[in-house]
Each structure stands twice: as structure tokens, then as C-alpha cells.
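Working notes, structure below.
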Amino acid sequence: MKGFRFYGFVVALVVLGMIAAACGPTPPPAAPKGKLEIFSWWTAGGEAEGLNALYDVYKKKYPGVEIINATVAGGAGAQAKAVLTTRMLGGDPPDSFQVHAGHELIDTWVVAGKMEPLTSLYKSEGWDKAFPKGVLDIVSYKGDYWSVPVNIHRSNVLWFSKKVFTDNKLEPPKTFDDFFKVADALKAKGIVPLVMGTKDGWEAGHVFEDVLAGTLGAEAYNGLWTGKTAWTDPKVTEALNNFKKMLAYINTDHSALTWDGAGQYLIDGKGGMMIMGDWTNGWFMSKNFTGYGWAPTPGASGIFVALSDSFGLPKGAKNRDNVIAWLKVLGSKEGQDAFNPKKGSIPARVDPDKNLYNDYLKSAMVDWAKDAIVPSPIHGAAASEGWATAYKDAIAVFVAKQDVAATQKALQQACVDAKVCK
Ligand code: GAL
Numbered sequence: 001m002k003g004f005r006f007y008g009f010v011v012a013l014v015v016l017g018m019i020a021a022a023c024g025p026t027p028p029p030a031a032p033k034g035k036l037e038i039f040s041w042w043t044a045g046g047e048a049e050g051l052n053a054l055y056d057v058y059k060k061k062y063p064g065v066e067i068i069n070a071t072v073a074g075g076a077g078a079q080a081k082a083v084l085t086t087r088m089l090g091g092d093p094p095d096s097f098q099v100h101a102g103h104e105l106i107d108t109w110v111v112a113g114k115m116e117p118l119t120s121l122y123k124s125e126g127w128d129k130a131f132p133k134g135v136l137d138i139v140s141y142k143g144d145y146w147s148v149p150v151n152i153h154r155s156n157v158l159w160f161s162k163k164v165f166t167d168n169k170l171e172p173p174k175t176f177d178d179f180f181k182v183a184d185a186l187k188a189k190g191i192v193p194l195v196m197g198t199k200d201g202w203e204a205g206h207v208f209e210d211v212l213a214g215t216l217g218a219e220a221y222n223g224l225w226t227g228k229t230a231w232t233d234p235k236v237t238e239a240l241n242n243f244k245k246m247l248a249y250i251n252t253d254h255s256a257l258t259w260d261g262a263g264q265y266l267i268d269g270k271g272g273m274m275i276m277g278d279w280t281n282g283w284f285m286s287k288n289f290t291g292y293g294w295a296p297t298p299g300a301s302g303i304f305v306a307l308s309d310s311f312g313l314p315k316g317a318k319n320r321d322n323v324i325a326w327l328k329v330l331g332s333k334e335g336q337d338a339f340n341p342k343k344g345s346i347p348a349r350v351d352p353d354k355n356l357y358n359d360y361l362k363s364a365m366v367d368w369a370k371d372a373i374v375p376s377p378i379h380g381a382a383a384s385e386g387w388a389t390a391y392k393d394a395i396a397v398f399v400a401k402q403d404v405a406a407t408q409k410a411l412q413q414a415c416v417d418a419k420v421c422k
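The sequence shown begins at 1 in my numbering and counts up one residue at a time.
Printed below as a string of C-alpha cells:
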């Protein structure tokens, strides 16, 4: 009897132990480990600092994950995009890659069935409320969201050397007429009026998109990308003539310089003005240069030529869970406020901590909220990749040959080939 009771007691203890084990605290999920390969072209000053700031946020949260920084240098993805295409089509996608929101994302990768939708992540992270509607629209396709926008960049900024302008009692030009007056004054002083680099083939196309916006105005400019404004329009002739006139004021070594190489002219006080996107603001910061001023490009005040960098989840990503964690960092307020003050862009989210941003970026936030927003073709927002490339190449040829009629014809043809113009 005694033995039986003792046996019963032991059984009860064992059973209780089992219940306790079953109900006790579950062990924490295994900490994320493995790798995360991030593909981008962010190697210039400002770009690299911004990217590293994102990596720092990620590493703090997921110290066990090794980040592979797969960069291919060359502004605007001049070299990176071809490498990416080879990898994507060869079944070797990076875990996540930099891609412009808009046509570049949708036409090139989503329609081709290469990406995973991120709609459930948008829901769980509350991003359908954190990003403005215009931004949500350009990462959407057939009712799903396809990438996470990290920023908004402005294409149409005229940067100028404050010292050069003050020394010569000049004001930043508002119109094309003002621009040419300022350019003449600078030329007379032996200062390069308009600094440009054309080495990577896209930079002139970038300046020209801003000349188009400044010459046509927001509505007619938008029409160029939707088929409502013909490329044969006299206003496009005028824009090409404006650009041709501007080319008479650029540095002779432009074909040897990249966008950032050209920026050095402003730092050195040897150049007066430069038209380039606001990654230039990040670049100046990375050089500890503060002697720059900014204004909308001629004719384009009240117009914000916009683009957005984003990252997505390609099908077949080797480290899918780590990518989801990466995307969560990108879409978070913490991630965006770490990245953008260094990158020289404003956050895509609506709730930045404005104190973290310099005066240029504070002004960009104001303009973003009130200006007419129009898309950039060179940076993937306005046109599909094929059209954007044809546009870019036509303008690169224009820099060399300066044939207005032939270029206008080529631009119209590019629109026809894109099946947007008849
Ligand atoms: C753009 C990109 C920016 C900046 C720039 C110069 O296409 O959106 O983030 O990096 O190229 O490289």
C-alpha cells in the first residue's frame, strides 16, 4: 500500500512537471542569422553614408545577420542596372535591390513577375497610412504594393556657390532670361557659369528634364509622359533651344566628369551653378562643404520634379526572412530618419522628425507639400526603362551635335516606340 502511494506521488510529480513545462515560457525564437545581400549604386559621398546609416539600424536589431553590401558604382545606376538585369534574368537575384518607384519598378520587374507583393507587410506595419497617397500609387499595381520607398528626391535643383554669387552681387536666376544674364556675368569673370559632368551618359538627360519642366510648365510637361503633349510641340523646340544655349556655358571637361566630380567646381569656387538632384545636398555634406545655396531650376519654381528610391523582395531571394526585416527597417520612421538626413533626401513617410534635417531639406519638405509634383524620366518615375533610355541617349547625342530638329524627331519617335504617342 505504502509503495503504491509513493509510486502515485512520483507519477503526480512527473505529470505536474510535464504540465509546467508545457505551460512555461516558450523559448525565444532563434535570433535571425545568415546573410542579407543589398544591391545598389550608392557609392558616392552622401549616398554611401545614407546606406551605412540604414545598415547601422539593421545591425543593431539583427546583430547575427551579415550584410553584404553589393554596390556597383555609377550615378543613376548607369552601370548597376545592367548588372542587376543579368542577375535577375539569370535566376540569381540579390536579396533586395534599389529600384525607382514608378515605371522602373512596375514595368521592369513587377509586370515581368519577378517580385513578391508586400501588401500584408504594408498592412501589418501600417504603411498604408504612413506614406502619402501619391507615393502609395507609384508602388502599386493591380491592388498590391510592390516595394518600400525610402525617400523622395528632387531633380530640379539649381545649386550655386554662395561665395561666387555674393562676390559678384548675383541673385539665383528665376527665369531662363535671368539665367543667361547671370551666366554672362560669370563668364566675364572667368568662372564656369554652369557646371556639368556627362561621363555616365545620363546627366544631360537629367538637366534637360528640368529644362522641359521649366519651359513647358507642370501640366504640359506631365502630358509629355502620358501622350497629351506631343514631342513635336513648339514648346519642346523652345526647351531644346534653351538647353542648347545653356550648353554654351558649361565646363569643357564635362565628358570626363561624373555628377559629383563636376560638383567639385562649386566647392573650389571655380564654378557658379550646377543643375542636379538633391543627392548633391548629401554629397556637399559628406565633403563638409556648407557654401552652397539652392533654388528651383529656371522657370520651375512651384514645380517639384520628383523621384523615389525603393527596395523590394525579388522572388527567389535567398534570405527571405532577413529581407522582410530589412524592409521593416526601411519603412520605419527610425530607418527613414537615419537615412535621409545623410542621403540628402526627404523621407517618403509623412512623419519625419524635422529637427534632424538641414535647411535645404526643411525647404524641400515645404515645397513637397505645396508644389506641383511631376515625375522624372531619368530616374524611373515617368517612363518605362526602354523609353527612358531612348530619351537619355537622344539628349546625350544632343550635347555633342546640338541638332534641335533631329533631337526633337528622335524624342517623338521614342514616345511612339513606347506606345504612348501615335
Ligand atoms: C538616382 C538615385 C539617387 C542618387 C542618384 C545619383 O537615380 O535615385 O538616389 O543616388 O541617382 O547616383
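C-beta: ideal position from N, C-alpha, C; glycine also.
In this structure, the alpha-carbon of Leu212 lies about 28 angstroms from that of Gly190. Taken from the Cβ of Trp279, at least one heavy atom of the ligand GAL lies inside 6 angstroms. When secondary structure is reduced to three states using DSSP, Thr43 falls in the coil class, being assigned neither helix nor strand. Apart from the 5 residues on each side of it in sequence, Gly64 sits with its Cβ closer than 7 angstroms to the Cβ of Ala31, Pro32, Lys33 in its chain, given in chain order. Taking 7 angstroms as the cut-off, the beta carbon of Ala325 is found no closer than this to the beta carbon of Tyr122. For a cut-off of 8 angstroms, the C-beta gap from Gln412 to Cys421 is around 6 angstroms, short enough to register as a contact. Ile346 is not a Cβ neighbour of Ile138, given a cutoff of 7 angstroms.
Counting along the chain, Ala394 sits inside the alpha helix (DSSP H) bounded by residues 385-401.
Residues of the same chain with a CB within less than 7 angstroms of the CB of Lys287, apart from the 5 flanking positions on each side, are Gly45, Ile267 in chain order. Looking at Trp42, Phe179, Leu51, Trp41, the one whose alpha-carbon comes closest to that of Val329 is Leu51.
Phe311: member of the beta strand (DSSP E) spanning 309-311, first to last residue. If only complete runs of 3 or more residues are kept, the stretch 68-101 shows the beta strand (DSSP E) at 96-100, in order along the chain. Distance between Val192 and Pro93, taken at the CA atoms: about 43 angstroms.
7 angstroms or more divides the Cβ of Val374 from the Cβ of Asn242. A distance below 7 angstroms between beta-carbons, with the five flanking residues on each side excluded, links Trp259 to the following residues of its chain, in chain order: Gly75, Gly197, Glu203, Met276.
Assigned with DSSP and collapsed to three states, His379 falls in coil, not helix or strand. With fewer than three CB-CB distances shorter than 8 angstroms, the stretch 177-190 does not count as touching the stretch 384-403. The beta carbons of Ser40 and Phe97 sit about 7 angstroms from each other, so the pair counts as a contact at 8 angstroms.
Every alpha helix (DSSP H) stretch that sits fully inside the stretch 187-235 and reaches 4 residues is listed by chain position as 203-226. The beta carbon of Ala418 sits closer than 7 angstroms to the beta carbons of Ala383, Ser384, Gly386, Trp387 from its chain, once the five residues preceding and following it are set aside; these are given in chain order. The alpha-carbon separation between Ala390 and Trp127 amounts to approximately 35 angstroms. Between the stretch 342-360 and the stretch 70-86 there are fewer than three C-beta pairs closer than 8 angstroms, too few to call the two in contact.
By the Cβ test, the stretch 51-60 is not in contact with the stretch 293-309, since fewer than three Cβ pairs between them sit closer than 8 angstroms.
DSSP, reduced to helix, strand and coil, places Phe131 outside both helices and strands of the structure shown, so it counts as coil. When secondary structure is reduced to three states using DSSP, Leu118 falls in the coil class, being assigned neither helix nor strand. Here Ala317 carries a coil assignment [DSSP, helix/strand/coil].
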